[in-house]
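Asker: Input: one structure, supplied below.
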Amino acid sequence: NAGVMQNPRHLVRRRGQEARLRCSPMKGHSHVYWYRQLPEEGLKFMVYLQKENIIDESGMPKERFSAEFPKEGPSILRIQQVVRGDSAAYFCASSPFTERNTEAFFGQGTRLTVV
Amino acid sequence: KNEVEQSPQNLTAQEGEFITINCSYSVGISALHWLQQHPGGGIVSLFMLSSGKKKHGRLIATINIQEKHSSLHITASHPRDSAVYICAPENRDDKIIFGKGTRLHILP
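Note that the protein sequences, when read in sequence, are chains A and B. If you're matching positions, the first sequence starts at 1 in our numbering and goes up one per residue. If you're matching positions, the second sequence starts at 1001 in our numbering and goes up one per residue.
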């Protein structure tokens, strides 16, 4: 079991470009969470998805950010028209489709730098 | 006031010392996670607990639900334990709230 896989590990984008961050959950996991860690700050919840369904996007900025978790393939966090303030580490975690209080498994993160 | 408070924010200790990191939270929770973030940035889940005490090797985590407090202990600390330790309660809506972390540095 390869664990939660995020790619790329490092992503550099110019202001105004689009950033696509990918997360492949652990095998058998159908719940995916995205978190953002700004420099010198703690992790902040962004969005919670199940396959083909957004469960909770209360932590997502209102504009430019979107997330999906299709039936096939990885979850994608998409940031359009990136700005310098989007520079951060973005972490994905997955958990299995079971009852609550399950352990979360984190990916290694994608470090986005906007220049 | 933050929903999750960790103390200390920074801790430097000598190899072999017993380490305690404290976490207080104000929300009702269903469980609490302790996470370790390595200098390279990767995050590892150390514990998930909802009552009592858990032990993995040299790491011990305790939680007191009534007092809304959890502690992470490291016995016989080692330089490879140097990392940021994050307390993360999970509220009753299954949403994880993260503390700002405790930066631990163990000197050889």
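Cβ coordinates follow ideal geometry from the N, Cα and C atoms, glycine included. Just so we're clear, the structure is a prediction, and the values are computed from it rather than from any experiment.
1. Tell me which residues share the same chain as Thr1062 of chain B and place their Cβ nearer than 6 Å to its Cβ, disregarding the 5 neighbours each side in the sequence.
2. Taking buried to mean at least 16 other C-beta atoms within 10 Å of its own C-beta, is Leu1104 of chain B buried or exposed?
3. What separation, rounded to the nearest whole angstrom, lies between the Cα atoms of Val186 of chain A and Cys23 of chain A?
4. If you draw a straight line from the C-alpha of Val115 of chain A to the C-alpha of Arg84 of chain A, how long is it?
5. Is Gly1028 of chain B close to chain A, meaning its C-beta is less than 7 Å from at least one C-beta of that chain?
6. Are Arg20 of chain A and Ile54 of chain A close, meaning C-beta to C-beta below 7 Å?
7. Straight-line CA distance for Arg78 of chain A to Gln17 of chain A?
8. Suppose you measure from the CA of Phe1047 of chain B to the CA of Gln1014 of chain B; what does that come to, to the nearest Å?
9. Identify which residue in B:Val1084, B:Leu1049 and B:Thr1075 has its Cα closest to the Cα of His1069 of chain B.
10. On the criterion of 16 or more Cβ atoms from any shown chain inside 10 Å, does Glu99 of chain A qualify as buried, or is it exposed?
Answerer: Here's the rundown:
1. Lys1053 and Ser1071
2. buried
3. Chain A is shown from 1 up to 115; residue 186 of chain A falls before or after that span and cannot be answered.
4. 7 Å
5. no
6. no
7. 11 Å
8. 24 Å
9. B:Leu1049
10. A caution first: Glu99 of chain A carries a pLDDT of 49, below 50, which makes its placement in the model unreliable, though a value can still be read off. When all chains shown are included, Glu99 of chain A counts as exposed.
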